[in-house]
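Participant: This is the structure, below, for whatever I ask next.
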Amino acid sequence: RAMLELTSRILQDKRQVDVVGDPSSCPAAHFGRGRDVLLMFTMQGVGVFCNALTITALLLITNQVGNDYNSQTLLAIWQITYAVGAIILSYVLVTRILYLEESQVWKSDKEMREDDMSIDSNRQHRAADIGPTPISPSGNSLDAALGEQVLSSLSMPSGTSSAFADFGRQTLQHMPSTTSEDDRNSSANYLLLRNYGYRLLGTSLSWLLWDVAFYGNKLFQASFLAALFGEQDVPLFQLTGAATLNALVALLGYFAAAFIVDRPSVGRFKLQAYGFTMTGALFVCCGFMKNSISTPSLVLLYLLSSFFGQCGPNATTFLVPAEVFPTECRTMCHGISAASGKIGALIAAMLFNYVDEMQLFLVSGYCSFAAALVTFLTIPETGTLDLYECDRRWRMILAGRKADYSGPAIQPEYLSYIERRKHGYEW
Numbered sequence: 028r029a030m031l032e033l034t035s036r037i038l039q040d041k042r043q044v045d046v047v048g049d050p051s052s053c054p055a056a057h058f059g060r061g062r063d064v065l066l067m068f069t070m071q072g073v074g075v076f077c078n079a080l081t082i083t084a085l086l087l088i089t090n091q092v093g094n095d096y097n098s099q100t101l102l103a104i105w106q107i108t109y110a111v112g113a114i115i116l117s118y119v120l121v122t123r124i125l126y127l128e129e130s131q132v133w134k135s136d137k138e139m140r141e142d143d144m145s146i147d148s149n150r151q152h153r154a155a156d157i158g159p160t161p162i163s164p165s166g167n168s169l170d171a172a173l174g175e176q177v178l179s180s181l182s183m184p185s186g187t188s189s190a191f192a193d194f195g196r197q198t199l200q201h202m203p204s205t206t207s208e209d210d211r212n213s214s215a216n217y218l219l220l221r222n223y224g225y226r227l228l229g230t231s232l233s234w235l236l237w238d239v240a241f242y243g244n245k246l247f248q249a250s251f252l253a254a255l256f257g258e259q260d261v262p263l264f265q266l267t268g269a270a271t272l273n274a275l276v277a278l279l280g281y282f283a284a285a286f287i288v289d290r291p292s293v294g295r296f297k298l299q300a301y302g303f304t305m306t307g308a309l310f311v312c313c314g315f316m317k318n319s320i321s322t323p324s325l326v327l328l329y330l331l332s333s334f335f336g337q338c339g340p341n342a343t344t345f346l347v348p349a350e351v352f353p354t355e356c357r358t359m360c361h362g363i364s365a366a367s368g369k370i371g372a373l374i375a376a377m378l379f380n381y382v383d384e385m386q387l388f389l390v391s392g393y394c395s396f397a398a399a400l401v402t403f404l405t406i407p408e409t410g411t412l413d414l415y416e417c418d419r420r421w422r423m424i425l426a427g428r429k430a431d432y433s434g435p436a437i438q439p440e441y442l443s444y445i446e447r448r449k450h451g452y453e454w
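Counting with this note's numbering, you get residues 28 to 454 for the letters of the sequence shown.
As structure tokens, then:
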């Protein structure tokens, strides 16, 4: 659903640019892309809040509010909760099968790749029939002006005539390569790692570190809340009530992230970096100040960590991998990043069994600080970038014309710190 929402938004941006012919004359074309994706992602927060609210309401209805519990009643509450979830998931599965279609952006990219394969196959058949046609290293077999037009067509704005762009792609097959022989003979996966490896490392590692803190909080929330209350035998109703309040505060963070992520003064990079830093600082404060401040103050710090965790890394670690890679590789890279996050959740599930209450907070805080550093080094800002530029650059890389691309996708404002250093920029 996330990828469908994102690619649908990209298609809308493309149509807006096509109308005006120049992306620079339509500065609002990309505004709202991140908001739409994160509003969809906010349903995660809605689900967490509704689940906590349902359990709390059932405990209240069945009068399970003290420390004397009826085991059969608790079992029934658990079964009802999961039954409600199963009904919702079944509905989602059915509607996904019946109504969800591939996005137009993905279809266009697929058609382009199939055209490239067909062109290459036809060229090989012709070469086998009539023999090789020599091409001088300087490319004199092509008219110089035509060559320049072909190259410029691959870096043109999104409003470029599709007919001329197709002609450019076909002619490009016959132009001498400007990349190294190793790159020309390499697979697409190797080229992906060579050109986007730092981004993939950054999105994967930041998601992994965040999920150590995020799922550590969720899986051991009872331990966190008990530590905040300073009691060993906190009633279940009180814990679920506190969890409901915490989920509500977190839900506000989801909505806040959705409505500020597209602002040029904020963007993806700042929201993730500052969110990690703020969340880490709050977790560390909870750990070190647990026994020195009042319970209400400690609870406030914990609630703030939930808010900034959602209004920051929990939203951006989902959004960023859906924007920083070419369409052809986007789903795979997003899946790798998400899988890395689940490894982080597994680490938390095992590690947090062996640490005390203070260390629960400190481990979460230190992981957040480490993720902030990873973000600074490897994550680019893409909020105002036309994502079709990523695809045009990728096409030129695959065609052996990497050095000829000079579009926005390699401008310093759209590169990570490591990428800027590799391209020779000072900052």
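Don't be surprised by glycine CBs; every beta carbon is placed ideally from N, CA and C.
Between the beta-carbon of Leu435 and the beta-carbon of Asp413, is there less than 8 angstroms?
Facilitator: At residue 435 the sequence reads Pro, which differs from the Leu that was named. Result yes, Cβ atoms of Pro435 and Asp413 sit closer than 8 angstroms.
Participant: Ser395 to Leu236, Cα distance in whole Å?
Facilitator: For Ser395 and Leu236, the distance between alpha carbons rounds to 7 angstroms.
Participant: Between which two residues does the alpha helix (DSSP H) holding Arg419 run?
Facilitator: Note, Arg419: alpha helix (DSSP H), Tyr415 to Leu425.
Participant: Could you say which of Ser214, Arg226 and Cys313 lies nearest to Pro407 if we only look at CA atoms?
Facilitator: With distances taken between Cα atoms, Pro407 lies closest to Arg226.
Participant: What distance in whole Å lies between the Cβ atoms of Phe296 and Thr402, which are believed to be in contact at a cut-off of 8 angstroms?
Facilitator: Thr402 to Phe296, Cβ: 7 angstroms. Contact.
Participant: Check the C-beta distance from Val276 over to Leu330 and give it rounded, since I have them as a contact under 8 angstroms.
Facilitator: The Cβ separation is near 5 angstroms, so the contact holds.
Participant: Grab me the residues of Ala363's own chain with a C-beta within less than 7 angstroms of its C-beta, minus the 5 sequence neighbours each way, in chain order.
Facilitator: According to the sequence provided, residue 363 is Ile. The question's Ala does not apply to it. Excluding positions up to five away in sequence, the list reads Leu227 and Ser231.
Participant: For a test of the three-state rule: what should DSSP assign to Gln265, helix, strand or coil?
Facilitator: Residue state, collapsed to three classes: helix.
Participant: Contact defined as beta carbons within less than 8 angstroms: I believe Leu328 pairs with Cys338. What is the distance between those atoms, to the nearest angstrom?
Facilitator: Not confirmed; about 16 angstroms, so no contact.
Participant: Counting only C-beta atoms, is Asp289 closer than 8 angstroms to chain B at any point?
Facilitator: Absent from the structure is chain B; it holds one protein chain and no more.
Participant: In the DSSP assignment, find the unbroken alpha helix (DSSP H) run with Asp238 in it and report its ends.
Facilitator: From DSSP, the alpha helix (DSSP H) with Asp238 extends over Ala215 to Leu246.
Participant: I think Gly243 touches Ser391, with their Cβ atoms under 8 angstroms apart; what is that distance to the nearest whole Å?
Facilitator: 6 angstroms between Cβ atoms; contact.
Participant: Label His450 either buried or exposed according to how many other C-beta atoms from any shown protein chain fall within 10 Å of its C-beta, with 16 as the threshold for buried.
Facilitator: So His450 counts as exposed.
Participant: Between Asn90 and Pro262, is the Cβ-Cβ spacing less than 8 angstroms?
Facilitator: Going by C-beta atoms, Asn90 is not nearer than 8 angstroms to Pro262.
Participant: Could you pull out every residue in the same chain whose Cβ sits closer than 6 angstroms to the Cβ of Ala375, ignoring the five residues on either side in sequence?
Facilitator: If we look at Ala375 and ignore the five residues flanking it on each side, its Cβ neighbours are Val239, Tyr242 and Gly243.
Participant: Could you pull the start and end residues of the alpha helix (DSSP H) that Leu101 belongs to?
Facilitator: Its alpha helix (DSSP H) spans residues Ser98 to Tyr126.
Participant: Mark Gln106 as exposed unless 16 or more other C-beta atoms lie within 10 angstroms of its C-beta, in which case mark it buried.
Facilitator: Counting Cβ neighbours within 10 Å, Gln106 comes out exposed, since fewer than 16 surround it.
Participant: Looking only at its own chain, which residues have a Cβ that is under 8 angstroms from the Cβ of Lys369, when we skip the five neighbours before and after it?
Facilitator: For Lys369, where only same-chain residues beyond five positions count, the Cβ hits under 8 angstroms are Asp238.
Participant: Asn216 to Thr304, Cα distance in whole Å?
Facilitator: Rounded to whole angstroms, Asn216 to Thr304 spans 33 angstroms at the Cα level.
Participant: How is Pro435 classed by DSSP in three states: helix, strand or coil?
Facilitator: Helix, per DSSP.
Participant: Buried or exposed: where does Leu442 fall if 16 or more other Cβ atoms within 10 Å of its Cβ makes it buried?
Facilitator: Its Cβ being crowded by 16 or more others within 10 Å, Leu442 is buried.
Participant: Using the C-alpha atoms, what's the distance from Cys360 back to Pro348?
Facilitator: Straight-line Cα distance between these residues: approximately 7 angstroms.
Participant: Taking the alpha-carbon positions, what's the Cys356 to Leu219 distance?
Facilitator: Approximately 8 angstroms between the Cα atoms of the pair.
Participant: Of the residues Tyr223, Ala274, Thr83 and Leu278, which one's Cα is nearest the Cα of Met67?
Facilitator: Taking only the C-alpha atoms, the option nearest Met67 is Leu278.
Participant: Starting from the C-beta of Ile104, find all residues in its chain whose C-beta is less than 8 angstroms away, skip the five residues before and the five after it, and write them out in chain order.
Facilitator: Excluding sequence neighbours, Ile104 sits near Ile82, Leu85, Leu86, Thr89 and Gln91.
Participant: Taking Ala285 and Thr69 to be in contact with their CB atoms under 8 angstroms, please state how far apart those CB atoms are, rounded to whole angstroms.
Facilitator: So it is a contact: roughly 6 angstroms between Cβ atoms.
Participant: Taking all protein chains shown into account, do 16 or more other C-beta atoms lie within 10 angstroms of the C-beta of Asp431, making it buried, or fewer, making it exposed?
Facilitator: So Asp431 counts as buried.
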